[in-house]
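>
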Amino acid sequence: LPLLSADKDNWLLAEKYLRRFYGLPAGLQGAQRSSGAFQAKIKEMQKFFNLKVTGNLDDNTLELMKQARCGVPDIGEYN
Amino acid sequence: HFPRHLKWQNNNITFRILNYTPDLNKSDVDRAIRTALNIWSDVTPLTFKKLYKGIADIMISFGSKEHGDHNPFDGPNGLLAHAYPPGQGIGGDTHFDEDEHWTKDSEAYNLLLVAAHELGHALGMSHSSYPGALMYPVYSYVKGFPLSVDDIEGIQALYGPNPDSKKVKPRPVAPSKCDPELSFDAITELRGETIIFKDSFYWRLHPQMPEPEQTTIKSTWPFIPSKVDAAYESPEKDIVIIFSGIQMWALNGYELLDGYPKYIHKLGLPKTIRKIDAAVYIKDIGKTLLFTDEEYWSYDEMTGTMDRGYPRSIEDDFPGMDDEFDAATYNYGYLYFFHDDLQYEYSYTSRKVVRIMRTNSILNC
Chain A
1 LPLLSADKDN
11 WLLAEKYLRR
21 FYGLPAGLQG
31 AQRSSGAFQA
41 KIKEMQKFFN
51 LKVTGNLDDN
61 TLELMKQARC
71 GVPDIGEYN
Chain B
1001 HFPRHLKWQN
1011 NNITFRILNY
1021 TPDLNKSDVD
1031 RAIRTALNIW
1041 SDVTPLTFKK
1051 LYKGIADIMI
1061 SFGSKEHGDH
1071 NPFDGPNGLL
1081 AHAYPPGQGI
1091 GGDTHFDEDE
1101 HWTKDSEAYN
1111 LLLVAAHELG
1121 HALGMSHSSY
1131 PGALMYPVYS
1141 YVKGFPLSVD
1151 DIEGIQALYG
1161 PNPDSKKVKP
1171 RPVAPSKCDP
1181 ELSFDAITEL
1191 RGETIIFKDS
1201 FYWRLHPQMP
1211 EPEQTTIKST
1221 WPFIPSKVDA
1231 AYESPEKDIV
1241 IIFSGIQMWA
1251 LNGYELLDGY
1261 PKYIHKLGLP
1271 KTIRKIDAAV
1281 YIKDIGKTLL
1291 FTDEEYWSYD
1301 EMTGTMDRGY
1311 PRSIEDDFPG
1321 MDDEFDAATY
1331 NYGYLYFFHD
1341 DLQYEYSYTS
1351 RKVVRIMRTN
1361 SILNC
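Taken in order, these protein sequences are the chains called A and B.
Under our numbering, read the first sequence as residues 1 to 79, first letter to last.
Under our numbering, read the second sequence as residues 1001 to 1365, first letter to last.
Pasting the structure below:
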């Protein structure tokens, strides 16, 4: 079944967030499936924010991604 | 810190404000930036000199969307600002998103707090994962000195301490939910969620959220004290009463009700009571129990009066538990009393303790 547009928006938001702040490589993600790189970056983010490390885009993780924040990446090489 | 521990090579740093936001007076922007810099110079040997022309180490500007560094902002909310670590050229430069609404208070985004965070980057600080630290990446409003111990240790690792040994009171580090010695200050329900207060933070537990969310009290309710003694919800009135010392605040969601804060003695408590340890509303009987030291009082929510025959002894009426409480809550006929690191599940109908658990078991620990 096609994803609901809200789900699609959430995936796009997550992908954008992980690219910007956690160095997720561009162009590696499947349409709506979470790739290994995507899951690894979500885990990295969940660990940084002391969330439950699941590797999944759960409600808590998504809610944190939607909060207002600083534009500097959290970890890794500064770019 | 950033990779390679980037820092300025001398302690006398220059800054220049290239443009101003129309949201605030020019003097308010100047003051916010100067105060933000002073926050860091209070704990280090760094000094900051303002330049009005030419190239400064830290160039400060407001811009929107693509603003000249190929690192665009995103319109209102989302990204608020960014800054570059110490270095030549763009290094140290600090940019604020002009699409945000910048303020001097707790409304929208407080420029001083965001500036202090960004200037932390401009001095070599990376993000902190402590929610109570200024360098935590997510915006939250706080009052008072914004640096936590984590921030101070971080900046002093780069530049050393302030030679004048200025006395600063760091912000507390956020309590850890799985600390085995964790105790609570207060618990209340709020529109189907459970709010647990501890120091200047609270955890929010939602039935559909697997993990509790921790936030500073001031970021949600800037007008209540950062230390809560007791709290309860009166769901019929859709208010939460917060107690701190001899005062109480009535909240309707995020709003403070008119006429508050009030003195707790308005409830009918004697003037000798200076603090309420715990409060709990028992829905089935419409009464609120207020616990003070070894005694408790019963307040009738319908009539707005204190019941006769009180105070009564906690030890006599709630056998099997400690005689003082930190926090209390009520759920489906059971009272949950919290004292230090223990939680007592007490059957209100059979008047006995059913279970004893760790305080933080409510936080999935």
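Glycine is no exception: its CB is placed at the ideal position from the N, C-alpha and C atoms.
Any residues in the segment 32-60 of chain A with a beta carbon nearer than 8 Å to a beta carbon of chain B? Which ones, in chain order?
Against chain B - using a Cβ distance shorter than 8 Å - the residues of the segment 32-60 of chain A are 48, 49, 50, 51, 52, 58, 59, 60.
> For residue 1010 of chain B, go through chain A and note every residue whose CB falls closer than 7 Å to its CB, in chain order.
Here residue 1010 of chain B refers to the residue found at position 10 of the second sequence. Per Cβ cutoff of 7 Å: no residues; residue 1010 of chain B is ~22 Å from chain A at best.
> Please state the DSSP three-state secondary structure of residue 1246 of chain B.
Residue 1246 of chain B sits at position 246 when you count from the first residue of the second sequence. It is coil, neither helix nor strand.
> Would you give the residue range spanned by the beta strand (DSSP E) that residue 1013 of chain B belongs to?
Start at 1 with the first residue of the second sequence, and residue 1013 of chain B comes out as number 13. Taken as a continuous stretch (DSSP letters only), the beta strand (DSSP E) holding residue 1013 of chain B covers 1012-1017.
> Identify which residue in B/1062, B/1192, B/1352, B/1271 has its Cα closest to the Cα of residue 1238 of chain B.
What you label residue 1238 of chain B is simply residue 238 of the second sequence in a count that begins at 1. Among B/1062, B/1192, B/1352, B/1271, the Cα nearest to that of residue 1238 of chain B belongs to B/1192.
> So for residue 1158 of chain B, helix, strand or coil by DSSP?
On the second sequence, residue 1158 of chain B is found 158 positions in, with the first residue counted as 1. The answer is helix: DSSP assigns residue 1158 of chain B an H, G or I state.
> For residue 1217 of chain B, which residues from the same chain have a beta carbon less than 6 Å from its beta carbon, with the 5 sequence-adjacent residues on both sides left out?
Residue mapping note: residue 1217 of chain B aligns to position 217 of the second sequence, counting from 1. Excluding sequence neighbours, residue 1217 of chain B sits near 1200, 1202, 1226.
> Does any residue of chain A have a CB that is nearer than 9 Å to the CB of residue 1361 of chain B?
Counted from its first residue, the second sequence places residue 1361 of chain B at position 361. Residue 1361 of chain B does not count as touching chain A.
> Identify which residue in A/75, A/73, A/69 has its Cα closest to the Cα of residue 1110 of chain B.
Within the second sequence, residue 1110 of chain B is the residue found at index 110, counting from 1. Checked all of A/75, A/73, A/69; the closest Cα to residue 1110 of chain B is A/69.
> So, at 7 Å on beta carbons, what are the nonlocal neighbours of residue 1099 of chain B in its own chain, with the 5 sequence-adjacent residues on each side left out?
For the purposes of this step, residue 1099 of chain B is identified with residue 99 of the second sequence, where counting begins at 1. Answer for residue 1099 of chain B: 1064, 1073, 1075, 1076, listed in chain order.
> What are the start and end residues of the alpha helix (DSSP H) that includes residue 36 of chain A?
Here the question's residue 36 of chain A lines up with position 36 in the first sequence. Taken as a continuous stretch (DSSP letters only), the alpha helix (DSSP H) holding residue 36 of chain A covers 36-48.
> Would you check if the segment 1333-1351 of chain B and the segment 1293-1300 of chain B touch, i.e. whether three or more CB-CB distances between them fall below 8 Å?
With the cut-off at 8 Å, the segment 1293-1300 of chain B and the segment 1333-1351 of chain B do not touch.
> In whole angstroms, what is the alpha-carbon distance linking residue 1335 of chain B and residue 1283 of chain B?
For this step, residue 1335 of chain B is matched to residue 335 along the second sequence. For this step, residue 1283 of chain B is matched to residue 283 along the second sequence. In a straight line, the C-alpha of residue 1335 of chain B is about 11 Å away from that of residue 1283 of chain B.
> By Cβ distance below 6 Å, which residues in the same chain neighbour residue 1187 of chain B in space, the five residues on each side in sequence not counted?
The residue labelled residue 1187 of chain B in the question sits at position 187 within the second sequence. Hits under 6 Å: 1196, 1327, 1329.
> Do you know how far the Cα of residue 1287 of chain B is from the Cα of residue 1233 of chain B?
On the second sequence, position 233 is the one that residue 1233 of chain B refers to. On the second sequence, position 287 is the one that residue 1287 of chain B refers to. For residue 1233 of chain B and residue 1287 of chain B, the distance between alpha carbons rounds to 11 Å.
> Buried or exposed, going by whether 16 or more other CB atoms sit within 10 Å of the CB of residue 1255 of chain B?
As a first step, residue 1255 of chain B must be located in the second sequence, where it is residue number 255. Classification of residue 1255 of chain B: exposed, given that the 10 Å Cβ count is below 16.
> My output table needs one value for residue 1315 of chain B: the three-state DSSP class, helix, strand or coil.
Taking the first residue of the second sequence as 1, we reach residue 1315 of chain B at position 315. Three-state DSSP puts residue 1315 of chain B in a helix.
> Opposite residue 1081 of chain B in the DSSP bridges: which residues?
By one-based count along the second sequence, residue 1081 of chain B stands at place 81. Answer by DSSP bridge pairing, in chain order: B/1096.
> According to DSSP, is residue 11 of chain A helix, strand or coil?
Translated into the one-based positions of the first sequence, residue 11 of chain A becomes position 11. Correct three-state label for residue 11 of chain A: helix.
> For the segment 1008-1023 of chain B against the segment 1044-1061 of chain B, are there 3 or more C-beta pairs whose distance is under 8 Å?
Segments in contact, yes.
> Could you name the residues of chain A that residue 1075 of chain B contacts, counting a contact when the two beta carbons are closer than 8 Å?
As a first step, residue 1075 of chain B must be located in the second sequence, where it is residue number 75. Simply none; closest approach about 12 Å.
> For a test of the three-state rule: what should DSSP assign to residue 1125 of chain B, helix, strand or coil?
For the purposes of this step, residue 1125 of chain B is taken as the residue at position 125 of the second sequence. Reduced to three states, the DSSP call for residue 1125 of chain B is coil.
> Does the Cβ of residue 79 of chain A have 16 or more other Cβ atoms within 10 Å, making it buried, or fewer, making it exposed?
For this step, residue 79 of chain A is matched to residue 79 along the first sequence. Low per-residue confidence applies at residue 79 of chain A: pLDDT is 44, beneath 50, and the placement is therefore not dependable enough to give any value.
> Could you tell me whether any Cβ in chain B is nearer than 9 Å to the Cβ of residue 23 of chain A?
Within the first sequence, residue 23 of chain A is the residue found at index 23, counting from 1. Chain B contact via Cβ: absent.
> I'd like to know if residue 78 of chain A contacts chain B, where contact means its C-beta is closer than 9 Å to some C-beta of that chain.
As a first step, residue 78 of chain A is located in the first sequence; it is residue number 78 there, counting from the start. In this predicted model, residue 78 of chain A has a pLDDT of only 48, less than 50, meaning its place in the structure is not dependable enough to derive any value.
> In the DSSP assignment, what are the bridge partners of residue 1339 of chain B?
Looking up residue 1339 of chain B in the second sequence gives position 339. Answer is B/1342.
> Please report how far the alpha carbon of residue 1213 of chain B lies from the alpha carbon of residue 23 of chain A, in whole angstroms.
Stepping through the second sequence from its first residue, residue 1213 of chain B is reached at position 213. Stepping through the first sequence from its first residue, residue 23 of chain A is reached at position 23. Their backbone Cα atoms lie some 25 Å apart in a straight line.
> Candidates B/1285, B/1290, B/1209, B/1025: which alpha carbon is nearest residue 1248 of chain B's?
Position 248 of the second sequence, counting from 1, holds the residue named residue 1248 of chain B. Of B/1285, B/1290, B/1209, B/1025, the residue nearest in Cα terms is B/1290.
> Who are the neighbours of residue 74 of chain A on chain B, taking C-beta pairs under 7 Å?
Within the first sequence, residue 74 of chain A is the residue found at index 74, counting from 1. 1127, 1137, listed in chain order.
> Residue 1108 of chain B to residue 13 of chain A, Cα distance in whole Å?
To locate residue 1108 of chain B, count along the second sequence from 1; it is residue 108. To locate residue 13 of chain A, count along the first sequence from 1; it is residue 13. Roughly 22 Å separates the two Cα atoms.
> Output needed for residue 41 of chain A: all residues of its chain with C-beta closer than 6 Å, excluding positions within five of it in sequence on either side, in chain order.
By 1-based counting over the first sequence, the position of residue 41 of chain A is 41. For residue 41 of chain A, where only same-chain residues beyond five positions count, the Cβ hits under 6 Å are 18, 22, 24.
> With 16 other CB atoms within 10 Å as the buried threshold, where does residue 1144 of chain B fall?
Start at 1 with the first residue of the second sequence, and residue 1144 of chain B comes out as number 144. The residue in question, residue 1144 of chain B, is exposed, as its Cβ has fewer than 16 Cβ neighbours within 10 Å.
> Note down the Cα distance separating residue 1292 of chain B from residue 1351 of chain B, rounded to an integer number of angstroms.
On the second sequence, position 292 is the one that residue 1292 of chain B refers to. On the second sequence, position 351 is the one that residue 1351 of chain B refers to. Roughly 20 Å separates the two Cα atoms.
> Quick check: is the beta carbon of residue 1211 of chain B nearer than 9 Å to any beta carbon in chain A?
Here the question's residue 1211 of chain B lines up with position 211 in the second sequence. By this cut-off, residue 1211 of chain B is an interface position.
> What did DSSP end up calling residue 1064 of chain B once you bin it into helix, strand or coil?
Taking the first residue of the second sequence as position 1, residue 1064 of chain B is located at position 64. Coil.
> Compare the Cα-Cα distances from residue 1244 of chain B to each of B/1277, B/1337, B/1215 and report the closest residue.
The residue labelled residue 1244 of chain B in the question sits at position 244 within the second sequence. Closest by alpha carbon: B/1277.
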